[in-house]
Amino acid sequence: MSEVKRAKGQLKTHIRAQNQALILETAERVFARQGLAKTTTQMIANEANLPKANIHYYYRSKKDLLEAVLERILALWLASVSQFTLEDGPKKNLTRYISEKIDQSRLNVSASKVFAMALIGEDEFILNYLRENFVTELSREKKTIETWVEQGLMAPISSEHLFISLWAMTQTYADFDAQIKVLFNKEALEESDYEEAKQFITRMVLAGCGVKEE
């Protein structure tokens, strides 16, 4: 392959990646704002300043586009939240997990809302993704928690209910941010609000789980 052909191929790949990133980021915002059912590819094209044909060049249907958005969101979350490490103990791990989950709610509000909408609608794609990827990860975290309980570092608990509670407490700052802004009488939540949330949730979880000082 000549250098000219190689350069053209690299440019084409770069443009494709840029276009797909723009479409997915825009689709995420529009889905979060309009809802999954009401969103159209024309709305996404308008907001991205692209012809509708460009959307369908990469994604044949709205369903394909939504699945691509959901896959991107799930991959981001699985990569951004640290796994529990046995040697660090429950206090450090739970504190870190809560902090990272709150950060995700602060930085990726639209992503969290789209994820919640898909779950509420029992979207088959997201349910299958969770079955294939998330159940394995959760079972690994459960074994770590059981070891800490055996070591006397925390009280016996249901790891399933613990994670359900953690998700509810942290993701609400994205999914129901409008309600929280009304409660605080603010146009937008500030970083200090998220930091206070981290501290409050951490204290409550550590106390509720009977976490001992290591």
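Positions 1 to 214 (full-length UniProt numbering) are the ones given, in order, by the sequence shown. For each residue, glycine too, the CB sits at the ideal point set by N, CA and C. Remember, it's a predicted structure, so these values are computed and weren't measured experimentally.
Give every residue of the same chain whose Cβ lies closer than 6 Å to the Cβ of residue i, excluding the five residues on either side of it in the sequence, and list them in chain order.
i: A45; result: K52 and I55
i: P156; result: V149
Can you find the residues in the same chain that come closer than 7 Å, C-beta to C-beta, to residue i, ignoring five residues on each side of it along the sequence?
i: E67; result: F125
i: T147; result: L86
i: S80; result: E100 and Q104
i: L206; result: K91 and L94
i: A21; result: none
i: D175; result: S112, K113 and A116
i: K198; result: I98, S99 and I102
Rounded to the nearest angstrom, what separates residue i and residue j at their Cα positions?
i: T40; j: Y57; result: 15 Å
i: V135; j: E141; result: 10 Å
i: L107; j: Y173; result: 11 Å
i: R33; j: G152; result: 46 Å
i: L189; j: K181; result: 6 Å
i: I23; j: K113; result: 17 Å
i: A37; j: I120; result: 12 Å
i: N93; j: F84; result: 6 Å
i: D177; j: N19; result: 30 Å
i: K212; j: Q42; result: 55 Å
i: F184; j: E160; result: 31 Å
i: I201; j: F163; result: 13 Å
Tell me the residue span of the alpha helix (DSSP H) that contains residue i.
i: G208; result: E191 to G208
i: N108; result: Segment: none, N108 is in no alpha helix (DSSP H) and carries neither H nor E.
i: V135; result: V135 to E150
Run through DSSP, which three-state label would residue i get?
i: K62; result: helix
i: S159; result: helix
i: T170; result: helix
i: D123; result: coil
i: L22; result: helix
i: F176; result: coil
i: P90; result: helix
i: L50; result: coil
i: F31; result: helix
i: A37; result: coil
i: T95; result: helix
i: M154; result: coil
i: F84; result: coil
Once the 5 residues before and after residue i are set aside, which same chain residues still bring their CB inside 8 Å of it?
i: Y194; result: I102, D103, S105, R106 and Y173
i: E187; result: K181
i: L78; result: N133, F134 and E137
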